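Protein chains in written order, with the UniProt record's numbering: chain A, 1 to 308; chain B, 1 to 308.
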């Protein structure tokens, strides 16, 4: 196996993490937390989502959060935008990058955004055009690349079609989502083998949810295939042990533990993120799922390990 | 990356899992559970440990468990043995295979078995000789191969020395333990690169604890290096979110999810193990750490997944 010397982590905890949490984190705490993330060496933070508050009450304070954070030079602040109204709010909030999203599977796309795939294209084309016209970057998410909760297997041709269309529209980067955390390393290898013949590796990010514990293994094979951009969520935020639908992204902590151990540079300070994890854990009021965070927390207590 | 067509799983939940659990599982429930494991297609089950009950009260009923299970032809039933007295008890209980253990790091070896590495060798030589003399197989565990809770890094020369000595003594198979779950894939590659020049891959098993979430990634690189034998614990049993020292082995469920998804044959029936997981979870009285088990449990409830 081979792996790159450095990779880029895109922290999605404030958006993908918090959107799945039942506890409402106050605007003040969100801002304090994002400021901690900004100071950790992370260069990309997805801070919120400008969807209608009715759909994601946890992020109903998107504009206030975006207005309240202390932006660190060199850090790109991204927000998710579903439609024209959301984009306008994101612009008003002076977001650096707008992320658009759709699914590779018809049923998930319809259930998630109430449109067919073909009906979604013109909406996203409009959003991407507007974003580029004001000199900002656009990122594209494709959900259910490795499996759909309604349809099961997802046709690679549908992934190709959606990806090509989004790139043609002008996105700077495509994030391939294992939305429900079903992917295995062989599947990742096969999917990337097809996609990397069409798109450059440095424009592809992988977005693995860790619903079945395979996210780091899937990242490992992605590294071997030449991918260098990964989405992750601090503490594995968003997970819930009893609801696989709410299972979080791979934990930034676990990803950093593995990458740094392998000598792969990320530019991120694990110690600072440990404190940011403790902060948000206290606010969420439950143990974060990240195993390396749990181990690090316990070690803070000075415990030693004795097993065969 | 390349991977083999089939691999062997050695289920250690009844020993390595239960020994770290505070809840005492009744002898009757242990027997019922091991019988479920025997019917799942698993061909190797480590059912208990004949250490002094004072050290591991959870397994104080080793003899009764061994006597009570219904042995399935073709399944090898293993037990851990620390000394002559334990070995005699294991023989009386008609165990198929005796597993001996020691550490690659001096301090962990001393803290764990109260002897230096050099003092341990003659004890294990005696145990292995006795085991072979009655026509049974001997398995060797080396702990702290990838890191020691007291010393930190472990010298590869020490791993080589302990491994060579155990093979010279006559063990049929060596299980390399990441006892405290600190290994990363690059380290696994480097360690195996050295060891596989000295020992055949089909005599090496990997035993990863999943303390920091890297176990499946470490298994993936092990597969790529030619390893085909893995120890695992049903449900990830043995883990405790607040005590990294008690963190369980990689969950058999997660391992199977990944391997079967990759088309790798194990001979194990995931559905049967799902039921065996539910059984032991109920007896332990807390949620098992295995993510794929949690996802499968939730799906039994018919939930669907809706996230971006």
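Where a beta carbon is used, it is the ideal one built from N, C-alpha and C, also for glycine.
Computed from a predicted structure; not experimentally measured.
Simplified DSSP state of residue i, which is helix, strand or coil
i, result
"residue 102/A", "strand"
"residue 8/A", "strand"
"residue 279/A", "helix"
"residue 52/B", "coil"
"residue 240/B", "Bear in mind that a pLDDT of 48 at residue 240/B, under 50, signals an unreliable position, so the number given afterwards is only what the model happens to contain. Residue 240/B falls in the coil class under three-state DSSP."
"residue 245/B", "Low per-residue confidence applies at residue 245/B: pLDDT is 48, beneath 50, and the placement is therefore not dependable, though the value from the model is reported in the following sentence. It is helical."
"residue 347/A", "Given a span of 1 to 308 for chain A in the structure shown, any question on residue 347/A remains unanswerable."
"residue 17/B", "helix"
"residue 151/A", "coil"
"residue 304/B", "Bear in mind that the predicted position of residue 304/B carries a pLDDT of just 42, short of 50, making it too unreliable to give a figure here."
"residue 107/B", "helix"
"residue 1/B", "coil"
"residue 288/B", "coil"
"residue 112/B", "helix"
"residue 159/B", "helix"
"residue 71/A", "coil"
"residue 272/A", "helix"
Proximity to residue i [Cα-Cα], best of the options
i, options, result
"residue 26/B", "183/B, 92/B, 300/B and 285/B", "285/B"
"residue 310/A", "167/A, 163/A, 298/A and 215/A", "Not covered by the structure: residue 310/A. The range shown for chain A is 1 to 308."
"residue 20/A", "40/A, 55/A, 31/A and 38/A", "55/A"
"residue 28/A", "109/A, 1/A, 68/A and 14/A", "68/A"
"residue 167/B", "195/B, 224/B and 281/B", "195/B"
"residue 277/A", "262/A, 297/A and 260/A", "297/A"
"residue 164/B", "132/B, 140/B, 151/B and 51/B", "140/B"
"residue 231/B", "255/B, 146/B and 182/B", "255/B"
"residue 11/B", "85/B, 252/B and 98/B", "252/B"
"residue 86/B", "269/B, 115/B and 123/B", "123/B"
"residue 100/A", "146/A, 162/A and 148/A", "162/A"
"residue 197/B", "209/B, 227/B, 186/B and 169/B", "227/B"
"residue 188/B", "172/B, 218/B and 73/B", "218/B"
"residue 1/B", "80/A, 130/A, 207/A and 186/A", "186/A"
"residue 209/B", "257/B, 144/B and 201/B", "144/B"
"residue 108/A", "211/A, 80/A and 179/A", "179/A"
"residue 91/A", "114/A, 125/A and 134/A", "134/A"
"residue 97/B", "103/B, 88/B and 104/B", "88/B"
"residue 127/B", "53/B, 84/B and 111/B", "84/B"
"residue 272/B", "35/B, 223/B and 106/B", "35/B"
"residue 37/B", "58/B, 57/B and 72/B", "72/B"
Limits of the unbroken alpha helix (DSSP H) element including residue i
i, result
"residue 131/B", "117 to 133"
"residue 172/A", "Careful: residue 172/A lies outside any alpha helix (DSSP H) and carries neither H nor E."
"residue 38/A", "27 to 38"
"residue 218/A", "215 to 224"
"residue 59/A", "Neither: residue 59/A is in no alpha helix (DSSP H) and is coded neither H nor E."
"residue 89/A", "84 to 92"
Segment limits, beta strand (DSSP E) that includes residue i
i, result
"residue 79/B", "76 to 80"
"residue 188/B", "Unbroken run through residue 188/B is the alpha helix (DSSP H), 185 to 195; no beta strand (DSSP E)."
"residue 63/A", "Taken as a continuous stretch (DSSP letters only), residue 63/A belongs to no beta strand (DSSP E), being part of the alpha helix (DSSP H) at 62 to 68."
Supposed close pair residue i, residue j - CB separation, criterion 8 Å
i, j, result
"residue 16/B", "residue 238/B", "6 Å"
"residue 70/A", "residue 47/A", "Incorrect: roughly 12 Å between the Cβ atoms, too far for contact."
"residue 191/A", "residue 159/A", "7 Å"
"residue 64/A", "residue 49/A", "Their Cβ separation, rounded to whole angstroms, is 13 Å, which puts residue 64/A and residue 49/A out of contact at 8 Å."
"residue 30/B", "residue 76/B", "Rounded, the Cβ-Cβ distance is 18 Å, inconsistent with contact."
"residue 74/B", "residue 269/B", "The pair is not a contact, with the Cβ atoms about 14 Å apart (cut-off 8 Å)."
"residue 171/B", "residue 138/B", "5 Å"
"residue 236/A", "residue 281/A", "11 Å between Cβ atoms; not a contact."
Per DSSP, cross-strand counterpart(s) of residue i
i, result
"residue 206/B", "176/B and 230/B"
"residue 328/A", "Here chain A covers residues 1 to 308 and nothing more, so residue 328/A does not appear."
"residue 251/B", "233/B"
"residue 44/A", "10/A and 76/A"
"residue 164/B", "For residue 164/B, which the question treats as bridged, DSSP gives no partner whatsoever."
"residue 97/B", "78/B and 137/B"
"residue 265/A", "6/A"
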